[in-house]
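**Q** Heads up, the sequence shown is in this note's numbering, so the first residue is 1 and it goes up one at a time.
Glycine residues also receive a C-beta, built at the ideal position from the N, C-alpha and C atoms.
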Amino acid sequence: MNKLAPPTISIPGVYEMDAETYHADPCETPSLSAGMINEIIKAPKLCWHNSPRLNPDWEEPDGQEKFSIGTVAHVIFLEPDLFSQKVAVLEYDDYRKNEAKMSRDNALAIGKTPILAKHMDKIEAARDAFMANEFTRQAFSNGRTEMAMFWKHPLWGFWCRARPDFIADSGRHLNDYKATSSADPEKFGKHAFDMGYHRRAAWYLEGATILLGKKPEHYWFANQEPKAPYLTSIVELDEQALDAGQYENTLAGEIFEQCLRTGDWYGYRHNTDRTRDLAFRVGLPTWAHIQIETRNS
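#1: So for Ser-31, helix, strand or coil by DSSP?
#2: Give me, in chain order, the residues of the same chain whose beta-carbon lies closer than 6 Å to that of Met-149; leave out the 5 immediate sequence neighbours on both sides.
#3: Ordered along the chain, which non-local residues of its own chain (more than five positions away) have a Cβ less than 8 Å from that of Trp-48?
#4: Out of Arg-199, Ala-241, Ala-19, Trp-220, state which residue places its alpha-carbon closest to the alpha-carbon of Thr-71.
#5: Under the assumption that Leu-174 contacts Tyr-197 (Cβ atoms under 8 Å), give the Cβ distance between them as a whole number of angstroms.
#6: Can you give me the C-alpha to C-alpha distance between Ala-43 and Glu-16, rounded to a whole angstrom?
#7: If I measure Cβ to Cβ from Met-131 and keep anything under 6 Å in the same chain, skipping five residues before and after, which residues do I get?
#8: Note down the Cα distance separating Pro-226 from Ile-234, rounded to an integer number of angstroms.
#9: Between the Cα of Ala-125 and those of Leu-155, Val-87, Phe-77, Ser-84, spot the shortest distance and give me the residue it belongs to.
#10: Figure out for me which residue from Thr-232, Gly-171, Glu-248 has the closest Cα to the Cα of Lys-214.
#11: Taking the alpha-carbon positions, what's the Tyr-92 to Val-75 distance?
#12: So within the segment 86 to 127, which uninterrupted beta strand (DSSP E) runs reach at least 3 residues, ignoring any that extend past its ends?
#13: Measuring only the C-alpha atoms, how far is Asp-176 from Ser-297?
#14: Using the Cβ count rule (16 or more neighbours within 10 Å means buried), how would you classify Ser-84?
#15: Measure the CB-CB distance between Tyr-219 and Glu-236 and report whether it falls below 7 Å.
#16: Could you check if Glu-65 is buried or exposed, using at least 16 other CB atoms within 10 Å of its CB as the buried criterion?
#17: What separation, rounded to the nearest whole angstrom, lies between the Cα atoms of Met-36 and Leu-278?
#18: Return the residue from the list Met-102, Ile-9, Glu-79, Glu-39 that minimises the CA-CA distance to Tyr-268.
#19: Could you spell out where the beta strand (DSSP E) holding His-173 opens and where it closes?
#20: Could you say which of Leu-32, His-23, Ser-31 lies nearest to Pro-61 if we only look at CA atoms?
#21: Going by beta-carbon coordinates alone, are Thr-232 and Ala-183 separated by less than 7 Å?
#22: Does Ala-201 pass the burial test, meaning 16 or more other C-beta atoms within 10 Å, or should it be called exposed?
#23: Does the Cβ of Thr-151 have 16 or more other Cβ atoms within 10 Å, making it buried, or fewer, making it exposed?
#24: Would you kindly work out how many angstroms separate the C-alpha atoms of Ala-129 and Phe-140, rounded to a whole number?
#25: Can you find the residues in the same chain that come closer than 6 Å, C-beta to C-beta, to Glu-134, ignoring five residues on each side of it along the sequence?
#26: With DSSP run on the structure shown, which of helix, strand or coil describes Ala-43?
#27: By a C-beta neighbour count over all protein chains shown, 10 Å radius and 16 as the cutoff for buried, is Ile-290 buried or exposed?
#28: Does His-270 pass the burial test, meaning 16 or more other C-beta atoms within 10 Å, or should it be called exposed?
#29: For Thr-113 and Asp-105, what's the separation of their Cα atoms in angstroms?
Structure below.
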């Protein structure tokens with residue numbers, strides 16, 4: 001693994017890289033990420049608008065939006081040595097007073113996530129609960145955190161990137177920590193589909209396979225609820241889900257290449273004709289027809 005990332009990525013590899021540099025897209029030409037794939041599948045214009053590399057008028061989202069217990073938990077679990085650099089613990093009960101607001105804004109201005117001191121007990125309790133899970137503890141042992149992967153797309157040649165939360169030294173598995181309202185494994189399938197996790201897992205596994213020379217055996221989602229008792233579960237998607245993700249990733253790659261080549265980052269269009277804007281014809285969902293029939297029977 002390369003020790004330090006150069007200012008511009010021109011050689012495929014796995015680099016030690018902070019989140020800010022990674023999300024700014026440091027490749028020599030615009031690259032595609034899993035987050036961008038979720039947007040491209042919906043509408044390429046959304047991907048273009050939210051990209052600091054593609055959109056010349058891009059503005060960083062309101063810094064206050066980055067605050068969450070999940071964000072701080074992510075740091076304390078995965079990058080504890082960088083906690084003081086990334087998090088500002090503020091000794092206030094709330095942000096109603098001007099002094100508290102100023103401290104919060106100052107933290108955001110220097111790239112830190114502000115958190116009230118009273119929330120730290122919860123985060124530390126969540127960390128302890130997370131590590132109390134024997135499988136989780138073992139899964140997050142003997143590996144590297146927050147390494148950035150860069151590779152060339154095998155079909156179209158443009159740059160691709162991913163930043164796993166954890167890469168096992170053995171290369172056998174990648175881990176993805178998620179703070180979520182429910183860590184119930186039975187509910188994860190629907191949540192994964194809604195969030196595009198099947199695409200994300202397939203994308204990361206493809207990149208790791210290309211760069212590490214072998215396909216990792218597992219892509220584990222480490223899910224944890226943000227409220228006591230901070231229930232935790234480790235879940236992986238089955239092969240059918242990963243195949244579906246790979247299929248959509250291939251489609252997204254085709255669209256990304258087309259948009260890069262033509263400069264046409266369009267909005268909603270028919271999948272059968274992406275070259276022009278047309279009217280859509282839609283019907284009511286099946287449940288609506290059932291409800292209408294039931295109501296009038």
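**A** Put simply:
#1: Per DSSP, reduced to three states, the secondary structure at Ser-31 is strand.
#2: For Met-149, the CB contacts under 6 Å within the same chain, skipping 5 residues up- and downstream, are Val-14, Ala-162, Gly-207, Leu-211 in chain order.
#3: If we look at Trp-48 and ignore the five residues flanking it on each side, its Cβ neighbours are Leu-54, Asn-55, Cys-259, Trp-265.
#4: Nearest of Arg-199, Ala-241, Ala-19, Trp-220 to Thr-71, Cα basis: Ala-19.
#5: Separation of the CB atoms of Leu-174 and Tyr-197 is rounded to 13 Å, and the pair is thereby denied contact status at 8 Å.
#6: Annotation: Ala-43 to Glu-16 spans about 31 Å, alpha carbon to alpha carbon.
#7: Cβ neighbours of Met-131 within its own chain (closer than 6 Å, five residues either side excluded): Arg-137.
#8: So the alpha carbons of these two residues sit roughly 15 Å apart.
#9: Nearest of Leu-155, Val-87, Phe-77, Ser-84 to Ala-125, Cα basis: Phe-77.
#10: Checked all of Thr-232, Gly-171, Glu-248; the closest Cα to Lys-214 is Gly-171.
#11: Going from the Cα of Tyr-92 to the Cα of Val-75 covers about 21 Å.
#12: Qualifying beta strand (DSSP E) stretches, in chain order: 87 to 90, 113 to 116.
#13: Asp-176 and Ser-297 have their C-alpha atoms roughly 49 Å apart.
#14: Result: exposed.
#15: In this structure, Glu-236 lies closer than 7 Å to Tyr-219 by Cβ.
#16: The predicted model places Glu-65 with a pLDDT of 44, which falls under 50 and marks its position as unreliable; any figure quoted below should be read in that light. Counting Cβ neighbours within 10 Å, Glu-65 comes out exposed, since fewer than 16 surround it.
#17: Rounded to the nearest whole angstrom, the CA to CA distance from Met-36 to Leu-278 is 24 Å.
#18: Comparing Cα positions, the closest option is Glu-39.
#19: Where His-173 is concerned, the enclosing beta strand (DSSP E) stretches over 173 to 179.
#20: The candidate whose alpha carbon is nearest that of Pro-61 is His-23.
#21: Here Thr-232 is near Ala-183, since their CB atoms are less than 7 Å apart.
#22: Buried: at least 16 other Cβ atoms inside 10 Å.
#23: According to the sequence shown, residue 151 is Trp rather than Thr. Buried, by the Cβ-count rule.
#24: Between Ala-129 and Phe-140, the C-alpha separation is close to 14 Å.
#25: Cβ neighbours of Glu-134 beyond the five flanking positions: none.
#26: In the structure shown, Ala-43 falls within a coil segment according to DSSP collapsed to helix, strand and coil.
#27: Per the 10 Å Cβ criterion, exposed.
#28: An exposed status is given to His-270, since fewer than 16 other beta-carbon atoms sit within 10 Å of its beta-carbon.
#29: Using only the alpha carbons, I get a separation of about 10 Å.
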